[in-house]
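Student:
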Amino acid sequence: MAVPLLALCTLLPGCDRQPGQDAAVTRGTVESRPSSATFPTPFPEGEWGMAAKDYSSTRFSSLAEINTSNVAGLREVWNFSTGVLRGHEAAPLVIGNTMYLVTPYPNILYALDLAKGGALKWKYEPGPSRASQGVACCDVVNRGVAYEDGRIFFNTLDVHTVAVDAETGKELWKVKLGDINLGESMTMAPLVVKGKVLVGNSGGEFGVRGWLTALDAASGSIAWRAYHTGPDTDVLIGAGFMPFYEADRSPNLGVTTWSPDKWKLGGGTTWGWISYDPDLDLIYYGTGNPGVWNPGLRPGDNKWASSIFARDPDTGEARWAYQWTPHDEHDFDGVNEQILLDLTIGGQTRKVLVRPERNGFMYVMDRATGQVLSADPYGPVTWAKSIDLRTGRPVLNEEMRTGNRLATGVCPASPGMKDWQPASWSPRTRILYVPHNHLCMDYQGVEANYIAGTPYVGANVRMYSAAGRNDTTHRGNLTAWDPAARKMAWQIPEKFPVWSGTVATAGDVVFYGTMDRWFKAIDARSGKLLWQKQLPSGVIGQPVTYLGPDGKQYVAVLSGVGGWAGAAALGIMPEEDPGIALGFAIAVKDLPQHTPQGGSLHVFALP
Amino acid sequence: MCSLCRSAACLLLFSAACGRDEPTRRVAMPAHQVLAMTSDLQAGGDTTFASRNPFSGNQQALAEGERLFIWMNCAGCHGAKGGGAIGPPFRDADWIYGDDPASIFQSIQQGRPNGMPAFGLKMADQDIWRIALYVRSLGDATRAPPQGGPTESIRRGQPGGAAGGQ
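Chains A and S, in that order, give the protein sequences.
According to the working numbering, the first sequence holds residues 1 to 607 in order.
According to the working numbering, the second sequence holds residues 608 to 773 in order.
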């Protein structure tokens, strides 16, 4: 039976708004049971309180006013120019009657008044160092803000985290967490858990040593920091560490799985997504590629790059860890989203996380223990034959190994079967909606020279469509994946990698965007295209949906092509220099014909 | 007075006085003997500044410049063949900070505001000239800049560009 959300709300931290402010939840057509994510969301259902919608990262909304029978009539009701170009990857947040969005560098934070048609309430300009643009590997993006207790939190490209008063836009605190002269930057959206703002660094292409830092939400002081390479004391691995696989239990693997001192440039950065289980009291997140793309320069498993950690949010202590891709040879960062679900597996209900992993396998893991229950390819995979469930380790295809040799026909390409762009889950269809890539590559390790503050890569890469080296019709997919059945339900091929996020709704509609400027609504059960609108620039942002002050359902998304996939549209010359943008630009060299740069927010509703 | 003299020009002007007062403080500056000039106006009538690349026309220096372009990770941001990526491309007609040899030299030596690091303290001037020679050779005056490049945003003075921002 439906549980009144207001009653739930009083039990949860952060749910301290007045009854009048929650009234929006009861207007319109809203499914009043909590989202079928394992836990109730800490925000009223009509809001979008964190980038992933809830701690389970479902990106599912119970709003059902917009549904399969009426979405064809959806129209744009207002828009807003961010005044900035480059890749717009953020998820707008909606708290009460205010929408918050952060732009790519220079990371302007806007607060828009939804009661006045999106009029500007205030803007805050953090003024990041201009030089930080020089250490962003993959465009100067920012994936969004976080909110708790009247404060907005976000990261700036030059490694600062900022807290701003959500009502007034006044800066509350700003802390510097790293150094661009070491090649560090920040692009991720923070997550707030139990009064701690969780933030991580970027820079795996600059020999940066990765970390996750917890900041006190009130003061910005550092509560704890966990590194991802180096001795156990730095990685916050202690007596409570219980990795599932025996080989992961030796001490100081963050040192011993590297040639001497290479862990100091070891990568394992933290630029993706964090989930949280309040019952187990564990946060889950992944780490980026090991430092230097040429694996020949770093023998060993290179722990804990390309891994996932489960940690205690209060202390940062690791409970378990697992390495998706030991001794990564293809730039398979392990930072994608992990969706926390209860799935029936083998007749039992299991508490799992589902990870559409960069390396091409869809993992289902027991999130209490770190055991891999299944790992199935969700597209063409050639670098590995399978994941051995006894050991948790990939079974490699020797021909696809790189190092100081050329490997051809490696699938997926370095951006993976899926990069950062997040999937969504519908508890109604029990389907995962996965926006992703359809690419393969040739990859050769070459000599690399470490100079702090400059790229430390050492690889020549050329990517191309998985459909064929010269194919320009099919380089991405929107895949509907059934995690219980462990297979694809259906798939929508796209011309370009689908680099946007997705949102699933109780109206059985799924929204996503394409780099050639389309914002689309599809039927969540059949995949049929129900509605689309062409926007000014390619869509790589995360769509959201919310209740406006008038009780109507709205859908919002950012337009503005860029990111790693969009580099070809940012004024570079891949036909003259095919290796640029780490080999991605040549694979989408036709992108500028389909989209200019842009920067705008677009909001849609039914008439 | 000598403690105020941090530039070669200053030392040249005051070297006589410094020599009498503190002979041990006289400093030769081998790494910065050949300075680049991007202005037609020189103070003090000094003519030790260079406006052309000392390696102009030197094929061996060009090959060395290409080697250094890779080794110093210029390729990591600008592309192995100057097609651009994190940093702007060199293979077109558009040069944000000037395409004359001295301007390219200074861009490398001093860095530039939107993410070009300063290499001047880490490389001998002769090597910077070699790289500048190679970089200049990549340019193509007949090639219009590709759409959406950083020069457009800088010239429009948007946040972060040379004309605006911090």
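Beta carbons are placed, not taken as given, at the ideal position from N, Cα and C, and that holds for glycine.
Give a yes or no on whether the C-beta atoms belonging to Gly579 of chain A and Arg462 of chain A are separated by under 8 Å.
Tutor: Here residue 579 of chain A refers to the residue found at position 579 when the first sequence is read from its first residue. Here residue 462 of chain A refers to the residue found at position 462 when the first sequence is read from its first residue. In this structure, Arg462 of chain A lies closer than 8 Å to Gly579 of chain A by Cβ.
Student: Quick one: residues in its chain with C-beta nearer than 7 Å to the C-beta of Ser537 of chain A, no 5 flanking neighbours on either side, listed in chain order?
Tutor: Position 537 of the first sequence, counting from 1, holds the residue named residue 537 of chain A. Contacts found: Arg517, Ser559, Gly560, Val561, Thr595, Pro596, Gln597, Gly598.
Student: Is the Cβ of Ala692 of chain S closer than 8 Å to any Cβ of chain A?
Tutor: Taking the first residue of the second sequence as 1, we reach residue 692 of chain S at position 85. Ala692 of chain S counts as touching chain A.
Student: May I ask you to report which of helix, strand or coil DSSP gives Val457 of chain A?
Tutor: Walking along the first sequence from the start, residue 457 of chain A turns up at place 457. Note: Val457 of chain A maps to coil in three-state DSSP.
Student: Taking any Cβ of chain A, which residues in the stretch 698 to 722 of chain S have a Cβ under 8 Å from it, in chain order?
Tutor: Under the 8 Å Cβ criterion, the stretch 698 to 722 of chain S contributes Arg698, Asp699, Gly718, Pro720, Asn721, Gly722.
Student: Look at the alpha carbon of Gly507 of chain A and the alpha carbon of Pro435 of chain A, and state the distance between them as a whole number of angstroms.
Tutor: Here residue 507 of chain A is taken as the residue at index 507 of the first sequence, counted from 1. Here residue 435 of chain A is taken as the residue at index 435 of the first sequence, counted from 1. Going by the C-alpha atoms only, they are around 20 Å apart.
Student: Taking only beta carbons into account, state which residues of the stretch 435 to 452 of chain A come closer than 7 Å to chain S, listed in chain order.
Tutor: Per Cβ criterion, the list reads Asn449, Ile451.
Student: To the nearest angstrom, how far is it from the Cα of Tyr450 of chain A to the Cα of Val208 of chain A?
Tutor: Residue mapping note: residue 450 of chain A aligns to position 450 of the first sequence, counting from 1. Residue mapping note: residue 208 of chain A aligns to position 208 of the first sequence, counting from 1. Distance between the alpha carbons of Tyr450 of chain A and Val208 of chain A: 11 Å.
Student: Using the beta-carbon of each residue, which ones in chain A are nearer than 7 Å to Ala687 of chain S?
Tutor: The residue you call residue 687 of chain S lines up with position 80 of the second sequence. Asp577, Gly579, listed in chain order.
Student: Counting only beta-carbon separations shorter than 8 Å, does Leu570 of chain A have a partner in chain S?
Tutor: Working through the first sequence from its first residue, we reach residue 570 of chain A at position 570. Yes, its Cβ sits closer than 8 Å to a Cβ of chain S.
Student: Distance cutoff 8 Å, beta carbons only. Does Met644 of chain S sit that close to anything in chain A?
Tutor: For the purposes of this step, residue 644 of chain S is taken as residue 37 along the second sequence, with counting starting at 1. Not closer than 8 Å to any Cβ of chain A, the Cβ of Met644 of chain S fails to qualify, so no.
Student: Classify Ala119 of chain A as helix, strand or coil using the three-state DSSP reduction.
Tutor: Your numbering for residue 119 of chain A matches position 119 in the first sequence. Strand.
Student: Would you call Arg130 of chain A buried or exposed, if buried means 16 or more other Cβ atoms sit within 10 Å of its Cβ?
Tutor: Here the question's residue 130 of chain A lines up with position 130 in the first sequence. Arg130 of chain A should be labelled buried.
Student: Give a yes or no on whether the minimum CB-CB distance between Arg405 of chain A and chain S is below 8 Å.
Tutor: In the first sequence, counting from the first residue as 1, residue 405 of chain A sits at position 405. So no, Arg405 of chain A is outside the interface.
Student: Just reading off the alpha helix (DSSP H) that Gly552 of chain S is part of, what are its end residues?
Tutor: The structure shown does not extend to residue 552 of chain S, since chain S is modelled only from 608 through 773, so no value can be given for it.
Student: Quick check on Asn181 of chain A: does DSSP put it in helix, strand or coil?
Tutor: One-based indexing of the first sequence puts residue 181 of chain A at position 181. Reduced to three states, the DSSP call for Asn181 of chain A is helix.
Student: Please name the residues in the stretch 171 to 192 of chain A whose beta-carbon is closer than 8 Å to at least one beta-carbon of chain S, in chain order.
Tutor: Those would be none; no residue qualifies.
Student: Would you kindly work out how many angstroms separate the C-alpha atoms of Phe332 of chain A and Gly300 of chain A, rounded to a whole number?
Tutor: Translated into positions along the first sequence, residue 332 of chain A becomes position 332. Translated into positions along the first sequence, residue 300 of chain A becomes position 300. Computed Cα separation, rounded: 16 Å.
Student: Using 8 Å as the cut-off, can you tell me whether the stretch 70 to 77 of chain A makes contact with the stretch 525 to 540 of chain A, which would need three or more C-beta pairs spanning the two stretches below that distance?
Tutor: Touching, per the Cβ criterion.
Student: Tell me the rounded alpha-carbon separation between Ala189 of chain A and Ala226 of chain A.
Tutor: Start at 1 with the first residue of the first sequence, and residue 189 of chain A comes out as number 189. Start at 1 with the first residue of the first sequence, and residue 226 of chain A comes out as number 226. Going from the Cα of Ala189 of chain A to the Cα of Ala226 of chain A covers about 18 Å.
Student: Please go through the same chain and pick out, in chain order, the residues whose beta-carbon is closer than 8 Å to the beta-carbon of Ala635 of chain S, but skip the five residues on each side of it.
Tutor: Within the second sequence, the letter at position 28 stands for residue 635 of chain S. Low confidence applies here, because Ala635 of chain S scores a pLDDT of 44, under 50, leaving its location unreliable and the question unanswered by this model.
Student: Closest to Asp442 of chain A by CA distance: which of A:Ile431, A:Ala448, A:Arg430, A:Ala459 is it?
Tutor: Working through the first sequence from its first residue, we reach residue 442 of chain A at position 442. Residue A:Ala459 is the option with its Cα nearest to Asp442 of chain A.
Student: Taking Cβ positions only, does Gly134 of chain A come closer than 8 Å to chain S?
Tutor: If you number the first sequence from 1, residue 134 of chain A lands on position 134. Output row for Gly134 of chain A: interface = yes.
Student: Among the candidates S:Gly651, S:Leu648, S:Asn660, S:Ala650, whose CA atom is the shortest distance from the CA of Asp707 of chain S?
Tutor: Mapped onto the second sequence, residue 707 of chain S falls at position 100. Cα-wise, what sits closest to Asp707 of chain S is S:Asn660.
Student: Out of curiosity, what's the CA-to-CA distance linking Pro427 of chain A and Ala64 of chain A?
Tutor: As a first step, residue 427 of chain A is located in the first sequence; it is residue number 427 there, counting from the start. As a first step, residue 64 of chain A is located in the first sequence; it is residue number 64 there, counting from the start. About 13 Å.
Student: Which residue comes first and which comes last in the beta strand (DSSP E) that contains Ser81 of chain A?
Tutor: Sequence index remark: in the first sequence, residue 81 of chain A carries index 81 (1-based). It spans 75 to 81 - the beta strand (DSSP E) in which Ser81 of chain A sits, taken as one unbroken run.
Student: Might you give, ordered along the chain, the residues of its own chain that have their beta carbon closer than 8 Å to the beta carbon of Gln491 of chain A, omitting 5 neighbours on each side?
Tutor: Residue 491 of chain A sits at position 491 when you count from the first residue of the first sequence. Excluding sequence neighbours, Gln491 of chain A sits near Asn477, Leu478, Thr479, Ala480, Gly527.
Student: Anyone know if the C-beta pair for Val159 of chain A and Lys174 of chain A falls short of 8 Å?
Tutor: Position 159 of the first sequence, counting from 1, holds the residue named residue 159 of chain A. Position 174 of the first sequence, counting from 1, holds the residue named residue 174 of chain A. Taking 8 Å as the Cβ cut-off, Val159 of chain A and Lys174 of chain A do not qualify as a contacting pair.
Student: Excluding the 5 residues flanking Leu740 of chain S on each side, which residues of the same chain have their C-beta closer than 8 Å to its C-beta?
Tutor: Here residue 740 of chain S refers to the residue found at position 133 of the second sequence. Contacts found: Asn660, Phe662, Ser663, Asn665, Ala668, Leu669, Gly672, Pro708.
Student: Can you give me the C-alpha to C-alpha distance between Ile108 of chain A and Leu93 of chain A, rounded to a whole angstrom?
Tutor: The sequence position of residue 108 of chain A within the first sequence is 108, counting from 1. The sequence position of residue 93 of chain A within the first sequence is 93, counting from 1. Rounded to the nearest angstrom, the two C-alpha atoms are 14 Å apart.
Student: Please classify Val354 of chain A: does DSSP put it in a helix, a strand, or coil?
Tutor: Along the first sequence, one-based indexing puts residue 354 of chain A at 354. Of the three classes helix, strand and coil, the one that applies to Val354 of chain A here is strand, per DSSP.
Student: Quick check: what's the CA-CA separation for Ile540 of chain A versus Asn470 of chain A?
Tutor: Against the first sequence, residue 540 of chain A aligns to sequence position 540. Against the first sequence, residue 470 of chain A aligns to sequence position 470. Their Cα atoms are separated by approximately 24 Å.
Student: Taking C-alpha atoms, which residue in A:Asp482, A:Val498, A:Pro549 lies nearest to Arg525 of chain A?
Tutor: In the first sequence, counting from the first residue as 1, residue 525 of chain A sits at position 525. Among A:Asp482, A:Val498, A:Pro549, the Cα nearest to that of Arg525 of chain A belongs to A:Asp482.
Student: Closer than 7 Å by beta-carbon distance: list the chain S residues that pair up with Thr497 of chain A, in chain order.
Tutor: Your numbering for residue 497 of chain A matches position 497 in the first sequence. For the record, residue 497 of chain A in the displayed sequence is Pro; it is not Thr. The contacting residues do not exist; Pro497 of chain A stays about 17 Å from chain S at best.
Student: Are the stretch 687 to 704 of chain S and the stretch 737 to 754 of chain S touching by the rule of at least three beta carbon pairs closer than 8 Å?
Tutor: Enough Cβ pairs lie closer than 8 Å, so yes.
Student: Only counting the same chain, and skipping five residues up and downstream in sequence, which positions put a Cβ closer than 7 Å to that of Glu575 of chain A?
Tutor: Against the first sequence, residue 575 of chain A aligns to sequence position 575. Once the five neighbours on either side are set aside, the close Cβ partners of Glu575 of chain A are Lys589.
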